[in-house]
Amino acid sequence: MNLVEVKDLVVRFRTDEGIVSAVNGVSFDIAVGKTMGLVGESGCGKSVTADAIMSILPDNGWIENGSIIYNSLHEGSFNVAELGKKDKKLELVHGKEMAMIFQEPSTSFCPVYTIGNQIIEAIALHTNIPKDEQREYCIELLHKVRISNPEQRIDEYPYQLSGGMRQRAMIAMALAGSPRLLIADEPTTSLDVTVQAQILNLLLDLQQELGMSMLMINHNIGIIAETTDMVGVMYLGKIVELAPTKELLANPMHPYTRDLFRSILQVTDQKGRKLAFIEGSVPDAYNIPKGCAYHPRCGQAIDGLCDTELPVNCDISDTHRVSCHLYNKRAQ
Amino acid sequence: MIAPILKVKGLQKYFPIEKGFVKHTVGNVKAVDGIDFEINDMETVGLVGESGCGKSTTGNCIVRLLDPTAGEISFRTSEDQYIDLATIKLSEMKPYRSQIQMIFQDPYASLNPRMTIRDIIAEPIKIFSKHNSAELDDMVAELMRRVGLRPEYMVRYPHAFSGGQRQRVGIARALALHPRFVICDESISSLDVSVQAQILGLLEDLKEEFHMSYLFIAHDLSAVKHISDRVAVMYVGKIFEVAETNELFEHPLHPYTEALLLSVPRLVADKSVRKETIAGEVASPTHPPSGCSFHPRCKYATAECALSDQHLFSVKTGGSIHLTACIHYDKLHLRGI
Numbered sequence: 363m364n365l366v367e368v369k370d371l372v373v374r375f376r377t378d379e380g381i382v383s384a385v386n387g388v389s390f391d392i393a394v395g396k397t398m399g400l401v402g403e404s405g406c407g408k409s410v411t412a413d414a415i416m417s418i419l420p421d422n423g424w425i426e427n428g429s430i431i432y433n434s435l436h437e438g439s440f441n442v443a444e445l446g447k448k449d450k451k452l453e454l455v456h457g458k459e460m461a462m463i464f465q466e467p468s469t470s471f472c473p474v475y476t477i478g479n480q481i482i483e484a485i486a487l488h489t490n491i492p493k494d495e496q497r498e499y500c501i502e503l504l505h506k507v508r509i510s511n512p513e514q515r516i517d518e519y520p521y522q523l524s525g526g527m528r529q530r531a532m533i534a535m536a537l538a539g540s541p542r543l544l545i546a547d548e549p550t551t552s553l554d555v556t557v558q559a560q561i562l563n564l565l566l567d568l569q570q571e572l573g574m575s576m577l578m579i580n581h582n583i584g585i586i587a588e589t590t591d592m593v594g595v596m597y598l599g600k601i602v603e604l605a606p607t608k609e610l611l612a613n614p615m616h617p618y619t620r621d622l623f624r625s626i627l628q629v630t631d632q633k634g635r636k637l638a639f640i641e642g643s644v645p646d647a648y649n650i651p652k653g654c655a656y657h658p659r660c661g662q663a664i665d666g667l668c669d670t671e672l673p674v675n676c677d678i679s680d681t682h683r684v685s686c687h688l689y690n691k692r693a694q
Numbered sequence: 131m132i133a134p135i136l137k138v139k140g141l142q143k144y145f146p147i148e149k150g151f152v153k154h155t156v157g158n159v160k161a162v163d164g165i166d167f168e169i170n171d172m173e174t175v176g177l178v179g180e181s182g183c184g185k186s187t188t189g190n191c192i193v194r195l196l197d198p199t200a201g202e203i204s205f206r207t208s209e210d211q212y213i214d215l216a217t218i219k220l221s222e223m224k225p226y227r228s229q230i231q232m233i234f235q236d237p238y239a240s241l242n243p244r245m246t247i248r249d250i251i252a253e254p255i256k257i258f259s260k261h262n263s264a265e266l267d268d269m270v271a272e273l274m275r276r277v278g279l280r281p282e283y284m285v286r287y288p289h290a291f292s293g294g295q296r297q298r299v300g301i302a303r304a305l306a307l308h309p310r311f312v313i314c315d316e317s318i319s320s321l322d323v324s325v326q327a328q329i330l331g332l333l334e335d336l337k338e339e340f341h342m343s344y345l346f347i348a349h350d351l352s353a354v355k356h357i358s359d360r361v362a363v364m365y366v367g368k369i370f371e372v373a374e375t376n377e378l379f380e381h382p383l384h385p386y387t388e389a390l391l392l393s394v395p396r397l398v399a400d401k402s403v404r405k406e407t408i409a410g411e412v413a414s415p416t417h418p419p420s421g422c423s424f425h426p427r428c429k430y431a432t433a434e435c436a437l438s439d440q441h442l443f444s445v446k447t448g449g450s451i452h453l454t455a456c457i458h459y460d461k462l463h464l465r466g467i
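The listed protein sequences derive, respectively, from chains A and B. According to the working numbering, the residues represented by the first sequence are 363 to 694, in order. According to the working numbering, the residues represented by the second sequence are 131 to 467, in order.
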């Protein structure tokens, strides 16, 4: 069963320099109770994909093509991509069925209201809990995300909490409406490693306890490896490889995935390991190379094919998909 | 053996907390609270720790972007004499500036957007020596080639470059005066993963070629492991452990180092595994806990830890010297990587 089915999603932005396709034909599913991961370097479109699913694209962005089917419990299935930004259906779904946590917990809370005030606002909006019980439920939520002294913390302002604590409070707020899908966009990027490990443990435990589906967006492949069931590797607005996490790590097929894995610095490496790296840098979204977008940096690019023709998706197995000419030829 | 290029002794940097109209001091943020370390010739020392532990403040004190509160920073000049950078007058420091350079974290903020790449790289050379324009062009072109940039780009402005290219410009600028000692303050942490390895490799090659020593400040343990010969672990203004890189990662002798190492995400796909991590967050440098400042978060802590003074002491392991500040190090069986 899939909770979300994204198909051929194209998201464009109007900017001063012209129109950019930030997401360029992305397809993946999020299964019920599972975690889908999107990994890639900056500018690859992973956050934009999440924003499109939540219908919170900025004003200069729009969904040009494709569908985002959300299988709601109460509302039946519908296509999020067709809904306007102010559609009533979204109000029913936001917070109650889908919730999102962001990278920067210090800018996601309003500084002039207490944490409790802001979480209770979400509770009032997304649940039917009577007013006099809302505070108690809020304390329960704070307790659930392992904030110590929730009775005291509920009346504190965001500046009084540390970065890790603020991220916990944001998770509590996201959980207020008992969502079925939690989108986590780089939830630990601004945190220290020890706190990062605490937050990731918390998210894994909460998923197990509540049976939520998750979309985990991260640039750190280590975090993706430890928290997801399926991964899509993104490069310049496309998913170049999609596979179960274990399989992707054991058997990466796309040249970009392979190069990326080789270039990651790991603590488990022996000192003095010769560093592999990808030549050049990610092209900007205005000048996406013709054909396969990775061909100028790819060591296995085939002249006359990779630089002219778009690669199609090749199914390696039922769950493993790669978008590369190398495998297309082999299949023939 | 040649004497160390840098010896830091008892370095302290307190930032006063001032209150009221007359600004009387009501407390101190003890960003760096008495640290000692040495950097040998041609050696890379990694300085790791979580945010707010004082690692960048240490770097800034060495180049005197900040004035240390107390302590000694002895730098061996090219004439083989030690000068104390902690107390030297800024006006007298100029001759040594060319020998100590810094590469910053954010390649977007550390390059002036209104200067061309040529002007940015040539600026330090112009300050220290007289060359005509054509000579400068040649020198800049050579530096750009050396860091992997095409010299014909020297007429461009920083906005035309990607993050990795800008960081190369920052490196070229730091190398312009052929420094003997370079501080890399989070120099690769704002770059994309595929570019991090490129820049790290470049820094390693340049170190050999230009005969430099590095202080490599970073929060990313994997980058530090790759480039450093020795690593110092810092927590709330103090150094907790110093050892040769492989020794530190394989046999940590401080519980904080163990906790850091266990917290790093690894490329192992298993959702059922929970990270062994430590509770709580980094203590405040304004009121650091008594005794060992890590004791409130340490799972091995005893009553003694809150009382005993904390200082680095030497533990011999094999041939190398391993320094730790944990009084219980010999009773614990800490796990490395």
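For every residue, glycine included, the Cβ atom is placed at its ideal position computed from N, Cα and C. Predicted, not measured: the structure shown is a model, and the values here were computed from it.
Does residue i have its Cβ less than 8 Å from a Cβ in chain A?
i                  : result
Asp-477 of chain B : Residue 477 of chain B cannot be examined here, being either before or after the span of chain B that is shown, 131 to 467.
Phe-379 of chain B : yes
His-356 of chain B : yes
Gly-300 of chain B : no
His-458 of chain B : no
Ser-450 of chain B : no
Gln-211 of chain B : no
Residues of chain B with a CB under 7 Å from the CB of residue i: which are they?
i                  : result
Val-644 of chain A : Asp-322
Thr-630 of chain A : Arg-396 and Ile-467
Thr-607 of chain A : Ala-399
Lys-633 of chain A : Lys-355, His-356, Thr-375 and Asn-376
Ser-736 of chain A : Residue coverage of chain A in this structure runs from 363 to 694, which leaves residue 736 of chain A outside it and unanswerable.
At a CB-CB cut-off below 9 Å, which residues of chain A make contact with residue i?
i                  : result
Ile-290 of chain B : It is Ala, not Ile, that sits at residue 290 of chain B in the sequence shown. Per Cβ cutoff of 9 Å: no residues; Ala-290 of chain B is ~11 Å from chain A at best.
Ala-353 of chain B : Leu-627
Leu-462 of chain B : Here the premise fails: no neighbours, minimum Cβ distance about 18 Å.
With distance defined between alpha-carbon atoms, name the residue in the options nearest to residue i.
i                  : options                                       : result
Ala-348 of chain B : B:Met-342, B:Ala-362 and B:Phe-340            : B:Ala-362
His-341 of chain B : B:Leu-330, B:Tyr-365, B:Gln-229 and B:Arg-427 : B:Gln-229
Arg-515 of chain A : A:Glu-403, A:Gly-457 and A:Ile-481            : A:Ile-481
Leu-672 of chain A : A:Ile-650, A:Ser-439 and A:Ser-679            : A:Ile-650
Ala-413 of chain B : B:Glu-173, B:Arg-427, B:Gln-440 and B:Arg-404 : B:Arg-427
Gly-402 of chain A : A:Leu-667, A:Lys-633, A:Leu-688 and A:Leu-604 : A:Leu-604
Gly-407 of chain A : A:Leu-435, A:Glu-437 and A:Arg-374            : A:Arg-374
Who are the neighbours of residue i on chain B, taking C-beta pairs under 8 Å?
i                  : result
Asp-554 of chain A : Glu-180, Ser-181, His-349, Glu-411 and Val-412
Asp-591 of chain A : Lys-401
Based on the DSSP secondary-structure assignment, which residues constitute the bridge partners of residue i?
i                  : result
Ser-434 of chain A : A:Gly-438
Asn-386 of chain A : A:Val-372
Asp-350 of chain B : None, per the DSSP bridge assignment.
Ile-147 of chain B : B:Gly-157
Tyr-618 of chain A : None, per the DSSP bridge assignment.
Lys-139 of chain B : B:Glu-202
Asn-690 of chain A : DSSP output for Asn-690 of chain A lists no bridge partner at all.
Glu-603 of chain A : A:Val-595 and A:Val-684
Asp-677 of chain A : A:Arg-683
Phe-311 of chain B : B:Ile-230 and B:Ser-343
Ala-393 of chain A : A:Asn-364
Glu-316 of chain B : According to DSSP, Glu-316 of chain B bridges with nothing at all.
Rounded to whole angstroms, how far is the Cβ of residue i from the Cβ of residue j, which I believe are closer than 8 Å?
i                  : j                  : result
Leu-129 of chain B : Ile-467 of chain B : Outside the shown range of chain B (131 to 467) lies residue 129 of chain B, about which nothing can therefore be said.
Gln-529 of chain A : Leu-553 of chain A : 7 Å
Gly-539 of chain A : Gly-457 of chain A : 4 Å
Consider the Cβ of residue i: report whether some Cβ of chain B lies at a distance smaller than 8 Å.
i                  : result
Glu-588 of chain A : yes
His-581 of chain A : yes
Ile-640 of chain A : yes
Ala-693 of chain A : Low confidence applies here, because Ala-693 of chain A scores a pLDDT of 48, under 50, leaving its location unreliable and the question unanswered by this model.
Ile-650 of chain A : no
Leu-622 of chain A : yes
Ser-409 of chain A : no
Report the neighbours of residue i on chain A: residues whose CB is nearer than 7 Å to its CB, in chain order.
i                  : result
Val-325 of chain B : Ser-643
Gly-294 of chain B : Ser-643
Asn-170 of chain B : Those within 7 Å of Asn-170 of chain B in chain A number zero; the least Cβ separation is about 17 Å.
Ala-389 of chain B : Thr-556
Name the chain A residues whose beta carbon is nearer than 8 Å to that of residue i?
i                  : result
Thr-407 of chain B : Thr-556, Ala-559, Gln-560 and Asn-563
Arg-404 of chain B : Asn-563, Leu-566 and Asp-567
Gly-331 of chain B : Leu-637 and Phe-639
Ser-393 of chain B : Val-555, Thr-556, Gln-558 and Ala-559
Can you name the residues of chain B whose CB is closer than 9 Å to the CB of residue i?
i                  : result
Asp-665 of chain A : Ordered by position in chain B, no residue passes the 9 Å Cβ test against Asp-665 of chain A, which lies about 23 Å from the chain.
Leu-611 of chain A : Leu-397, Val-398 and Ala-399
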